[in-house]
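Counting the sequence shown from 1 gives a position; this note's numbering is that position plus 129. Heads up, the thing below is written out as structure tokens.
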Amino acid sequence: MNTIYKHTIRRIFGCVLLSTLPLGVMAQNVRVIKRDGTIKMYDGSKQNIKVAPVPTVNTNDKVKTGSTLYDNLQALGNYTTYLRLIDSFGGIKRAFENKYTDDERKNMGFIDTLTVFAPNDEAFARFFAHNVWTDQQGNTISSYEQLSDSQKLSLIYMSYIPGFVTANNLHSNSNIKANLRLYSYDRQFNLVPYKHTGGTDINTFPPDSYSYIDDAKELNQHIVDGVWIGYGTIGDYSGAAFAYRGGTMIWNDDYWQYNGLSHDDLSFIGAADTEGSEHIKIGNAHITQPNQRCKNGYLHLVDEVVVPQPNLMYNLAQARLGGKCSLASSLVQRFNYLKYDYLYYNDAFNVSDSAWTVRNSLLDRVSTTTIQTPAIILPTDEALKAFLLASDNPLWQFGINKDNYYDMLMSLPREVLQPFVKEWFRTSFTDVLPSRYSNMRSAKGHQLLAGVTTPEAYKLAVQQVIPAVDGIIVVVDAVPNAEDLRNELTFVKLAGRVTGTALTANDRYEYNTNAAPFSTDYQREMHNKSFTMFVPTDEGLKQYGLVDPISMASNNRTSWRYWSLTPQSISYNGDGQIAVAAKAYRYDYNKVRNTETDRPLSAMYSSNANENCANGNYGPIKRQLLTDMLDQHIVLQDVDSLLNTPRRWYLSRSGMPIYMKEHTNTNIVVNGGMQIDLNEKDAADKHDCIMQLVGQNSTGTSVVIDRPMQPTTQNVFQRLQSNDAFSMFFEYAEALNNAYTLKEMLFGNEASEALSRKYTIFADPSGSYARYGNANTMLVNFFHNFNYTIFVPTNEGMQKAVAEGLPTIESIEQFVEESLDDNGQLPDDKREQAQARYLTLLNFLKYHFCDKSYFLEPDLESGDTEQTTTACIDASNQQALTADINSGNGMLMVRDASNRYKAVKPDLANIIARDAEFNDHPTRARYIRSASNVVLHGIDNADYLLFDNTLNGDFTRAWRTPSAARKFVKKYGK
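Written as structure tokens, this is what we have:
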């Protein structure tokens, strides 16, 4: 009868890792079915992986099945050094002799059977002749007598695993998972002082320190920019605090070729010999005589001493200290940190060992998201240097040269470096094999090695392959992911740390986008698009800061604030973090703001880099300020379309207006809505935003300005209310909100709180459908989150409309009162006529609200005619009414339903407003829920826009007869 064994295995690198170090690798079930003298292994898809004969007779006649492992090694005759190694450890020797006591089995969990990888004396002779190990005096190990106890322990632990395991089952046996501690105390990561590239000296432990860090809080004090800086050293410090856990791997050619890899692929990374494919390797050793069965286990005779391999972190450290890729390794070191690995700790036999390990945040990114072992692809020093000094590299614009390239490279801010370097870390070693080269692409879809287009060219580019216990390093004479550092955003990140940090803040959450601080992926939106980005300097953001629009929404001037923003490192990982610190100051536009002279508010009015910007105290306000800053400063047009043209007005990516006060090749002065307001009122805090530097990139241009632009804090309600020329239009619009009784009488159930918005211009600031704007104001009911234009009739234009029969709320109320019957009810025909009057007024007002932003450009000689939609809806077909906009010849005109053009009045043109909807009442709000950017223009020549040509010259046609009223209401009301 068949016996089915289910083994949970750890597959790493297509092989088995002989180590207790849990690398975040997922487990997989494999079935081993014994039948008729064969072993058949199946993966989860039930596909046959390997059929191998069950060994019944040893091929080496000196090995007897009835003898113990120890006795058979003695019988072989040339395993004296290995036996000497076994004899050094009493418990291990008793295991080989099968002499465990019952007490040892019961209380210490000793296992009766072992699978042994035994090197002979010739293998040890080669090891002593060629190795990199040293004794405590620094002399190369050349004899057994020089080995320390920890070195002997490393070698013996590399040579066996618990249980009966045949060679072809080595990649699937559960005993290789974590039951054997295979590590070397000689491979340590003692942290040394290292100058952080941001300019901060880190107080790490000196190499001779054996101190432990016992608390994560203490650890965080030693982390700068989210990473720990350090590198590994070699020595025989068995008591050191940070012990490196070494290991090795088992390679089965048949297994990997079954999974689609060629023998050449495995040879490429040193996992197979070139002369054949029937090979199983234990690290650096081949099994020459497998499956020699003994009384208490299997002997697999190997041709070399199995030596623990260093891990990727150690290899990276060694590469930084010298070799072909020291520059690249130095960059990668930026992302080193200490990590407490509780799984590692629990798997260890000796719980007194430190479970702190030096890790790399980018390596964590790939090793925890795959069941494979990762790879790192690094450029040679020559390739990286040539790339950095190339004229198309953004660093060139910051003065990089052959004398300062190293210092500049090491001082790259994290937001520049991380996107560039993280693509060097590949999720699986199979990603870097020649046969898979066509799939070696960056997250943006670029070929990872630009200019290396074929597998053959890739092989020629590879200079070195460095194996490690937890992956491989491939060194190439090209720069991986060069496009990312050469791309359009690198200059932005270099020119302003705060802006660059905000642009890249979401990168830290690529595997948990719900925890990202910003809802917009600005980098993805700008990728491969022509753009101009205005980058405020860090000094400007620190000294002048950003005015808080939420605080300005209150009528209480003492609560007005501005916030100074500075780069700050994140010291621990959390949700919604932005590496920027914010500190609040009191704002008064009658004073010049300056953090060097102004006193900050109390410490509670601040937000540090670790704060969750979604639900922290003032983190949401910091996020809102940065969101507005990015939205205001990105223009999705190339710079050539902005310079030396008669246009003055442009829109940012979110529709915020930007006024180009000066725009030549030598000078650029720009303003946002707030700057326009301050300059017009001649406030003490008035200012312009002036160009400091221009950088050209592959698809975009960055214009560095001395301080940030900001949108206006005035909404449409305030703009209409405060402008005397618009007072009648404003009064008629506001009156619709106050006519509660009239709306209820005319529209009955439709006048519910939800539907009443259909019959007003402004949204009510109270009730369950309230929309919160600036204090004592109301927001426009339509075009939420859009940019739009209002062509406002002046008082003279409104008087003309009234003279032509435009009803007012008072006249409608008077008509209703006069039409009531003896029972106080409004007859149906009169109701329809009253409805027609109301809808005439409502749609007259709404037709002046047009989609998109239009500006009067006095210097623009030629322009276009463009059709726009209005807020006025034809209910019979649910289509928005349209108007035509014509710009040019220094004019801006609108053609309405009368087919006549109405011109904009120049002295009432280009008035900027922003309808910002807050998440709560202004005194409690923390962020802006939605915002519309608006341009207002006064209509010249005492005129207005007509929404229906049948009413031309006489609005009363809409209700003159009951049938006319019924028809009009059907079209515009129902």
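From the three backbone atoms N, C-alpha and C, an ideal C-beta is built for every residue, glycine too.
Under 8 angstroms between C-beta atoms of residue i and residue j
i            : j            : result
residue 762  : residue 781  : yes
residue 997  : residue 1012 : yes
residue 210  : residue 273  : yes
residue 553  : residue 506  : yes
residue 250  : residue 207  : yes
residue 755  : residue 707  : yes
residue 751  : residue 729  : no
residue 1062 : residue 916  : yes
residue 934  : residue 1085 : yes
residue 703  : residue 739  : yes
residue 197  : residue 410  : no
residue 504  : residue 598  : no
residue 1051 : residue 571  : no
residue 972  : residue 1027 : no
residue 803  : residue 840  : yes
Cβ neighbour criterion (16 or more within 10 Å) applied to residue i
i            : result
residue 668  : exposed
residue 1007 : exposed
residue 1110 : Nothing about residue 1110 can be read from this structure; the chain reaches only from 130 to 1103.
residue 988  : exposed
residue 853  : exposed
residue 680  : buried
residue 306  : Caution applies to residue 306, whose pLDDT of 35 falls short of 50 and renders its modelled position unreliable; the value that the coordinates give is listed next. Counting Cβ neighbours within 10 Å, residue 306 comes out buried, since at least 16 surround it.
residue 511  : exposed
residue 1097 : buried
residue 903  : buried
residue 1102 : buried
residue 775  : exposed
residue 377  : buried
residue 555  : buried
residue 956  : exposed
residue 733  : exposed
residue 417  : exposed
residue 588  : exposed
residue 949  : exposed
Span of the beta strand (DSSP E) around residue i
i            : result
residue 660  : 660 to 665
residue 1020 : 1020 to 1024
residue 422  : 414 to 423
residue 548  : Looking at the DSSP string, residue 548 is not in any beta strand (DSSP E); the run it does join, the alpha helix (DSSP H), is 543 to 551.
residue 243  : 243 to 248
residue 1063 : 1057 to 1068
residue 710  : 709 to 715
residue 819  : 818 to 825
residue 600  : 600 to 605
Assumed close pair residue i, residue j - CB separation to whole angstroms, cut-off 8 angstroms
i            : j           : result
residue 1126 : residue 605 : Residue coverage of the chain in this structure runs from 130 to 1103, which leaves residue 1126 outside it and unanswerable.
residue 514  : residue 456 : 7 angstroms
residue 414  : residue 248 : 7 angstroms
residue 245  : residue 427 : 7 angstroms
residue 664  : residue 624 : 5 angstroms
residue 1010 : residue 945 : About 27 angstroms; that fails the 8 angstroms criterion.
residue 666  : residue 835 : 6 angstroms
For residue i, the first and last residue of its enclosing alpha helix (DSSP H)
i           : result
residue 280 : 278 to 286
residue 808 : 802 to 809
residue 790 : No alpha helix (DSSP H) contains residue 790, which is instead part of the beta strand (DSSP E) from 786 to 792.
residue 850 : 845 to 851
residue 584 : 584 to 590
residue 943 : 938 to 948
residue 449 : 441 to 449
residue 631 : 626 to 633
residue 995 : Premise fails: residue 995 lies in the beta strand (DSSP E), 994 to 1003, not in any alpha helix (DSSP H).
Residue i CB to nearest heavy atom of the ligand SAH below 7 angstroms
i           : result
residue 860 : Inclusion of the ligand SAH in the displayed structure is not the case, the ligand content being empty and no account of it being possible.
Query raised in the report: If we count Cβ pairs, one from each stretch, closer than 8 angstroms, do we get three or more for the segment 1048 to 1055 versus the segment 955 to 966?
Result: Not touching, per the Cβ criterion.
Report task. Say whether the segment 650 to 663 touches the segment 686 to 696, bearing in mind that this needs 3 or more beta-carbon pairs closer than 8 angstroms, one atom from each stretch. Result -> Judged by Cβ distances under 8 angstroms, the segment 650 to 663 makes no contact with the segment 686 to 696, as fewer than three pairs qualify.
Query raised in the report: Quick one: any contact between the segment 914 to 926 and the segment 1064 to 1074, if contact means 3 or more CB pairs under 8 angstroms?
Result: Remark: three or more beta-carbon pairs, one from each stretch, lie closer than 8 angstroms, so the segment 914 to 926 and the segment 1064 to 1074 are flagged as touching.
Requested in this report: Pair every Cβ in the segment 561 to 581 with every Cβ in the segment 530 to 541, then say whether three or more of these pairs are closer than 8 angstroms.
Outcome: Under the 8 angstroms Cβ criterion, the segment 561 to 581 does not count as touching the segment 530 to 541, having fewer than three qualifying pairs.
Query raised in the report: Are three or more beta carbon pairs between the segment 613 to 620 and the segment 824 to 841 nearer than 8 angstroms?
Result: Taking a contact to require three or more Cβ pairs closer than 8 angstroms, the segment 613 to 620 and the segment 824 to 841 qualify as touching.
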